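A.B. asks: Got a structure for you, written out below as structure tokens; questions coming shortly.
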Amino acid sequence: MDLAHHEHERTGSPKMRILSPSSSVTQWSENQMLLPLESISDLPDQCYTFMDKCDYPPADGRRERLLHLFNVPQFIASRTCFEMNGFSGCRASYDETTERKHVTSCTTWFRYLVKMVRKISAEDLKPSEDGDEYTVNNDEYIWFEMTIFTRWDYPNKCRVLCVDIPPDFSAELQRTLQKRATALDFRDPFAMHADLVDRMIIYSDIAVWRVRDPIRVLEKSRLRMGQIFEPIHDISRHAIHTAEVLESAVETLTEIRRFQEEIHADLFEDLGKTYKLRAREYAQFQITLVKNMKLRSDSSTERLKNEVNLAFNNIARQDNSVMKSIALLTMIFLPATFFSALFSTTFFNFDNDEWKVSNKLWVYWVIIVPATIIIVILWRVWLANSDRITKFLGAGMNWAKDFWKRGGRAPKRGKVADP
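Residues in the sequence shown are numbered consecutively from 90, following this note's numbering.
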């Protein structure tokens, strides 16, 4: 635990990274500071604020005070919402004094989860993505429970609070913002959402590939039957979680798109038909991306099921080979045992403390060796032609039943016996 976190515990001032535009609006700079909760309102008019999970105030009144500054419902601070796999909401305020009741304030909140599995070793397989290694120490995975709170106030004040985001999130978002061909229009309450969601989708993409890559390693390695089930179980758990949070993400983004369309219709300053249409289309495009990622995640789950089926089939084939070996050994020893028991062949005499061998032992081998060879050959022929033999025997049984029904008489001329 670092000194900044100790200071946060002592003073109640959470550690924040603040990304805000310069006077040119297209250039963004990042600052880091310990900011008291009561000073949140002193943040720049347009900014992204990032807070690590360990700096997020506990639900002892401090978290509620923080969310109150963003006009977020108090229930969002509860443990129930803090451990949900996703949610979304919107709260708007209107100017009720004018004839045209326009939006004066808009708050949104949503939760977007990503389970990041440890990156596979390049020795096993070249990774399908080039993201950083997000897991720490020897952990096999890490959860990023990204929770976003936004508040927009007329005419162009827009602040975003991001909690529990990946360590490189702010730097990557800053690069994206500075590459924009046009500046953000802060008259739009949802202007700062699109680039934020883009970055989240990228992390989802990395997460899906990091579940897929170990599956490919399994498919290529063909581990022994007893060794494959444990890694399959672990990867299946990650795949199920990834599919779950992607399904939740689709619902979350769908709701945000609906909020956006409703708020755009009630703004005081019309953003223009082209702007609003493009915003809706891009939001729908983002939803489509996540849906397709969900399909890829489902494909990984199906591939795991295929590996399990293959493992079971191989085990069954292995068991079948063992049973054939046992049957072969039985066939080898059965004739010798049978003839020895049938004729009570005793070739050894231990009377008078002497061990005598009968001079007729050769007769035993003359009978046993050919009999064993014949039985083994018949057994192999049976295995190779079991279908035809079974069909032939079945036809013979049907003929015998038909013959018995006719009382032992041959079928009348002109009639064909049933097969």
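Note that the Cβ used here is the ideal one computed from N, Cα and C, for glycine as well. Small disclaimer: the values here were computed from a predicted structure and weren't measured.
For residue 463 and chain C, any beta-carbon pair shorter than 7 Å?
C.D. replies: Absent from the structure is chain C; it holds one protein chain and no more.
A.B. asks: Along the chain, where does the alpha helix (DSSP H) that runs through residue 138 open and close?
C.D. replies: Locating residue 138 in the sequence shown gives position 49, counting from the first residue. It is not in any alpha helix (DSSP H) - residue 138 instead sits in the beta strand (DSSP E) that spans 135–140.
A.B. asks: Could you pull out every residue in the same chain whose Cβ sits closer than 7 Å to the Cβ of residue 191, ignoring the five residues on either side in sequence?
C.D. replies: Within the sequence shown, the letter at position 102 stands for residue 191. These residues qualify, in order along the chain: 183, 184, 355, 356, 357.
A.B. asks: Identify whether residue 242 lies in helix, strand or coil by the three-state DSSP scheme.
C.D. replies: The residue labelled residue 242 in the question sits at position 153 within the sequence shown. Of the three classes helix, strand and coil, the one that applies to residue 242 here is strand, per DSSP.
A.B. asks: Tell me the rounded alpha-carbon separation between residue 482 and residue 475.
C.D. replies: Working through the sequence shown from its first residue, we reach residue 482 at position 393. Working through the sequence shown from its first residue, we reach residue 475 at position 386. The straight-line gap from Cα to Cα measures roughly 10 Å.
A.B. asks: Suppose the cutoff is 6 Å on Cβ atoms and the five residues either side in sequence are ignored; what does the same chain contact list for residue 378 look like?
C.D. replies: Counting from one through the sequence shown, the residue named residue 378 turns up at place 289. These residues qualify, in order along the chain: 290.
A.B. asks: Tell me, to the nearest whole angstrom, how far the beta carbon of residue 253 is from that of residue 145; I am working on the premise that it is less than 8 Å.
C.D. replies: Residue numbering aside, residue 253 sits at position 164 when the sequence shown is read from its first letter. Residue numbering aside, residue 145 sits at position 56 when the sequence shown is read from its first letter. Yes, they are in contact, since the Cβ atoms of residue 253 and residue 145 sit about 7 Å apart, within 8 Å.
A.B. asks: According to DSSP, residue 104 sits in a beta bridge with which residue or residues?
C.D. replies: For the purposes of this step, residue 104 is identified with residue 15 of the sequence shown, where counting begins at 1. The partner list for residue 104 (beta bridge, DSSP) reads 123.
A.B. asks: Hey, residue 386 and residue 331 are a contact pair by Cβ (cut 8 Å); roughly how many whole angstroms apart?
C.D. replies: For the purposes of this step, residue 386 is taken as the residue at position 297 of the sequence shown. For the purposes of this step, residue 331 is taken as the residue at position 242 of the sequence shown. Contact flag correct, Cβ pair sits at about 5 Å.
A.B. asks: State the DSSP-derived secondary structure class of residue 248, mapped to helix, strand or coil.
C.D. replies: Working through the sequence shown from its first residue, we reach residue 248 at position 159. The answer is strand: DSSP assigns residue 248 an E or B state.
A.B. asks: If you count every other CB in all the chains shown that lies within 10 Å of the CB of residue 95, and 16 or more means buried, which is it?
C.D. replies: Taking the sequence shown and counting its residues from 1, one reaches residue 95 at position 6. Confidence is the limiting factor: at residue 95 the pLDDT is only 49, short of 50, which leaves the residue's position unreliable and the question unanswerable from this model.
A.B. asks: Please classify residue 177: does DSSP put it in a helix, a strand, or coil?
C.D. replies: In the sequence shown, residue 177 corresponds to position 88, counting from 1. DSSP places residue 177 in strand when its eight states are reduced to three.
A.B. asks: Name the DSSP bridge partner or partners of residue 199?
C.D. replies: Position 110 of the sequence shown holds residue 199. The partner list for residue 199 (beta bridge, DSSP) reads 177, 237.
A.B. asks: CB residue 275 to CB residue 135, shorter than 7 Å?
C.D. replies: Taking the first residue of the sequence shown as position 1, residue 275 is located at position 186. Taking the first residue of the sequence shown as position 1, residue 135 is located at position 46. Result yes, Cβ atoms of residue 275 and residue 135 sit closer than 7 Å.
A.B. asks: Work out the CA separation of residue 300 and residue 327 for me, nearest whole Å.
C.D. replies: As a working note, residue 327 is residue 238 in the sequence shown. As a working note, residue 300 is residue 211 in the sequence shown. Computed Cα separation, rounded: 7 Å.
A.B. asks: Output needed for residue 152: all residues of its chain with C-beta closer than 8 Å, excluding positions within five of it in sequence on either side, in chain order.
C.D. replies: In the sequence shown, counting from the first residue as 1, residue 152 sits at position 63. Excluding sequence neighbours, residue 152 sits near 145, 146, 166.
A.B. asks: Taking the continuous alpha helix (DSSP H) assigned at residue 165, which residues delimit it?
C.D. replies: Locating residue 165 in the sequence shown gives position 76, counting from the first residue. Premise fails: residue 165 is in no alpha helix (DSSP H) and is neither H nor E.
A.B. asks: Just to confirm my understanding: we take residue 178, look at its own chain, exclude 5 residues before and 5 after, and list those with CB closer than 6 Å. What are they?
C.D. replies: Here residue 178 refers to the residue found at position 89 of the sequence shown. Excluding residues within five positions, the ones whose Cβ falls inside 6 Å are 198.
A.B. asks: Find the nearest neighbour of residue 141 within the set 237, 206, 109, judged by alpha-carbon distance.
C.D. replies: Taking the sequence shown and counting its residues from 1, the one referred to as residue 141 is at position 52. When each option's Cα is compared against that of residue 141, the closest is 237.
A.B. asks: Looking only at its own chain, which residues have a Cβ that is under 7 Å from the Cβ of residue 283, when we skip the five neighbours before and after it?
C.D. replies: In the sequence shown, residue 283 corresponds to position 194, counting from 1. Once the five neighbours on either side are set aside, the close Cβ partners of residue 283 are 371.
A.B. asks: DSSP beta-bridge partners for residue 278?
C.D. replies: Counting from one through the sequence shown, the residue named residue 278 turns up at place 189. Looking at the DSSP assignment, residue 278 forms no beta bridge with any residue, so it has no partner.
A.B. asks: Residues in its own chain within less than 7 Å of residue 164 by CB, not counting five upstream and five downstream?
C.D. replies: As a first step, residue 164 must be located in the sequence shown, where it is residue number 75. Cβ within range, chain order: 170.
A.B. asks: Whole angstroms is fine: what's the gap from residue 418's alpha carbon to residue 404's?
C.D. replies: Along the sequence shown, one-based indexing puts residue 418 at 329. Along the sequence shown, one-based indexing puts residue 404 at 315. Whole-angstrom Cα-Cα distance: 21 Å.
A.B. asks: Is residue 285 buried or exposed, if buried means 16 or more other CB atoms sit within 10 Å of its CB?
C.D. replies: The residue labelled residue 285 in the question sits at position 196 within the sequence shown. Residue 285 should be labelled buried.
A.B. asks: May I ask you to list the residues that DSSP assigns as paired with residue 364?
C.D. replies: In the sequence shown, the residue the question calls residue 364 occupies position 275. Per DSSP, none; premise fails for residue 364.
A.B. asks: Determine, using beta-carbon pairs with one atom in the stretch 419–427 and one in the stretch 454–474, whether at least three such pairs fall under 8 Å.
C.D. replies: Because the criterion of three Cβ pairs below 8 Å is met, the stretch 419–427 and the stretch 454–474 touch.
A.B. asks: Taking the CB atoms as reference points, tell me whether residue 233 and residue 206 lie closer together than 7 Å.
C.D. replies: Against the sequence shown, residue 233 aligns to sequence position 144. Against the sequence shown, residue 206 aligns to sequence position 117. Cβ distance not < 7 Å, so residue 233 and residue 206 don't count as in contact.
A.B. asks: One question on the structure: do residue 263 and residue 132 come within less than 7 Å of each other, judged by their Cβ atoms?
C.D. replies: Translated into positions along the sequence shown, residue 263 becomes position 174. Translated into positions along the sequence shown, residue 132 becomes position 43. Contact flag unset, no.
A.B. asks: How many Å lie between residue 76 and residue 267 at the Cα?
C.D. replies: Outside the shown range of the chain, which is 90 to 508, sits residue 76, and nothing can be said about it.
A.B. asks: Where does residue 224 fall in DSSP's three states?
C.D. replies: Position 135 of the sequence shown, counting from 1, holds the residue named residue 224. Residue 224: coil per DSSP, three-state reduction.
A.B. asks: Excluding the 5 residues flanking residue 265 on each side, which residues of the same chain have their C-beta closer than 6 Å to its C-beta?
C.D. replies: Walking along the sequence shown from the start, residue 265 turns up at place 176. Counting only Cβ-Cβ distances below 6 Å, and skipping sequence neighbours, we find 284.
A.B. asks: Suppose you measure from the CA of residue 160 to the CA of residue 211; what does that come to, to the nearest Å?
C.D. replies: On the sequence shown, position 71 is the one that residue 160 refers to. On the sequence shown, position 122 is the one that residue 211 refers to. Cα-Cα distance, rounded: 47 Å.
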